[in-house]
Amino acid sequence: MTEDQQKLLQKLYAQQKATESGIEIVQERMELVQASLNSHRRGLGVLQEFEGKKEGEKMLINVGGNLFIDVQLASPDRVTRDIGSGVRVIQKLEDAKKSVEETIASLEQHYAQLAQQNETISNQAADIGRRLNDLVKQMQG
0 MTEDQQKLLQ KLYAQQKATE SGIEIVQERM ELVQASLNSH RRGLGVLQEF
50 EGKKEGEKML INVGGNLFID VQLASPDRVT RDIGSGVRVI QKLEDAKKSV
100 EETIASLEQH YAQLAQQNET ISNQAADIGR RLNDLVKQMQ G
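Per numbering that gives the first Met the number 0: the sequence shown ends with 140, consecutive numbering throughout.
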């Protein structure tokens, strides 16, 4: 193994480790965004269940994990929404639905960007892997 080959091997190995780390980071972010998307979609589904319901009407509300609560609606046209840092606002049902739909659209766009990043980094990792294999074959031959 020549000194140049050894330096190239070390460089490619370092690049491979960096891209693997980058892939892990992007995939973790994708999982977080997906979890947030799932939560917002469930919330939107619950809001959609309230459409057309009247005050005093009884409903079975899915709280997740196949658990349901029997409730009597006090204000089905009003929603209290957490907007961050413990700040809550009261909104009309339609306004809350619109806000959640906008958040879902934004999260979907962010997820798509992360997926593109993941693909780009994965392609880089594959290229580095091919270059490493070629170098090893060259050194053996």
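From the three backbone atoms N, C-alpha and C, an ideal C-beta is built for every residue, glycine too.
Here the structure is a predicted model, which is why all the values come from computation and not from measurement.
task: Quick one: using the 10 Å Cβ neighbour count with 16 as the cut-off for buried, is A86 buried or exposed?
output: Against the sequence shown, residue 86 aligns to sequence position 87. In the sequence as displayed, the identity of residue 86 is Val instead of Ala. Label assigned to V86: exposed.
- prompt: Going by beta carbon distance, what residues of the same chain come within less than 6 Å of G64, once the five residues before and after it are set aside?
  reply: Taking the sequence shown and counting its residues from 1, the one referred to as residue 64 is at position 65. Nothing meets the Cβ criterion.
query: I think I89 touches T79, with their Cβ atoms under 8 Å apart; what is that distance to the nearest whole Å?
result: In the sequence shown, counting from the first residue as 1, residue 89 sits at position 90. In the sequence shown, counting from the first residue as 1, residue 79 sits at position 80. Sure, about 5 Å apart at Cβ, within 8 Å.
query: Less than 8 Å between the CB of Q112 and some heavy atom of the ligand COA, yes or no?
result: Ligands displayed in this structure: none; no statement on the ligand COA is therefore possible.
- request: Please state whether DSSP places L72 in a helix, a strand or coil.
  value: Within the sequence shown, the letter at position 73 stands for residue 72. Reduced to three states, the DSSP call for L72 is coil.
Sequence-distant residues of the same chain with beta carbon closer than 7 Å to I127, five excluded per side: The residue given as residue 127 occupies position 128 in the sequence shown. Excluding sequence positions up to five before and after I127, its CB lies within less than 7 Å of the CB of L11, Q14, Q15, T18, all in the same chain and listed in chain order.
- request: Given a cut-off of 9 Å, decide if L92 and E50 are closer than it, judged by their beta-carbon atoms.
  value: By one-based count along the sequence shown, residue 50 stands at place 51. By one-based count along the sequence shown, residue 92 stands at place 93. Result yes, Cβ atoms of E50 and L92 sit closer than 9 Å.
- request: Could you check the C-alpha separation between G42 and V99 for me, to the nearest Å?
  value: The residue given as residue 42 occupies position 43 in the sequence shown. The residue given as residue 99 occupies position 100 in the sequence shown. Looking at the two C-alpha atoms, the distance is approximately 8 Å.
- prompt: If we count the other Cβ atoms within 10 Å of its Cβ and call it buried at 16 or more, is I68 buried or exposed?
  reply: One-based indexing of the sequence shown puts residue 68 at position 69. I68 is exposed by the Cβ-count criterion.
L113, buried or exposed, once every other Cβ within 10 Å from all chains shown has been counted against 16: The count along the sequence shown starts at 1 and reaches residue 113 at position 114. The residue in question, L113, is buried, as its Cβ has 16 or more Cβ neighbours within 10 Å.
- prompt: Does the segment 118-127 come close enough to the segment 29-43 to have 3 or more Cβ pairs within less than 8 Å?
  reply: When Cβ pairs closer than 8 Å are counted between the two stretches, the segment 118-127 is seen not to touch the segment 29-43, the count staying below three.
- prompt: Out of curiosity, what's the CA-to-CA distance linking G140 and L131?
  reply: Taking the sequence shown and counting its residues from 1, one reaches residue 140 at position 141. Taking the sequence shown and counting its residues from 1, one reaches residue 131 at position 132. Approximately 14 Å between the Cα atoms of the pair.
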